[in-house]
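In the UniProt record's numbering, the protein residues as written are 1 to 63. Below is one structure; the comments refer to it alone.
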């Protein structure tokens, strides 16, 4: 998250990330850090119910 913050403060406007890049980075950070207790307790059971595709689905954005 600090890397995003620093890049947004870049003096040269052309070097700053656009909003779409920022949102995608924040979603990625959220995906890596958020989980429920149920996911920790029974990941194999969840996989049986949803299939492997559900584990890799992400929000698609068009920028």
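Note that the Cβ used here is the ideal one computed from N, Cα and C, for glycine as well. Remember, predicted model here, so these are calculated numbers, not experimental data.
Worksheet item: Can you give the Cα-Cα distance for residue 10 and residue 21, rounded to whole angstroms?
Response: The sequence position of residue 10 within the chain shown is 10, counting from 1. The sequence position of residue 21 within the chain shown is 21, counting from 1. For residue 10 and residue 21, the distance between alpha carbons rounds to 15 angstroms.
Fill in: Spatial neighbours of residue 15 in its chain, beta-carbon cut-off 8 angstroms, leaving aside the 5 residues before and after
As a position in the chain shown, residue 15 is number 15, starting the count at 1. 7, listed in sequence order.
Discussion item. For residue 2 and residue 23, what's the separation of their Cα atoms in angstroms?
Written reply: Start at 1 with the first residue of the chain shown, and residue 2 comes out as number 2. Start at 1 with the first residue of the chain shown, and residue 23 comes out as number 23. Rounded to the nearest angstrom, the two C-alpha atoms are 14 angstroms apart.
Worksheet entry | Of the listed residues 27, 4, 29, 28, nearest to residue 17 (C-alpha basis) | Within the chain shown, the letter at position 17 stands for residue 17. That would be 4, whose Cα lies nearest to the Cα of residue 17.
Practice prompt. Report the three-state DSSP secondary structure of residue 10 (helix, strand or coil).
Written response: If you number the chain shown from 1, residue 10 lands on position 10. Collapsing the DSSP output to three states places residue 10 in coil.
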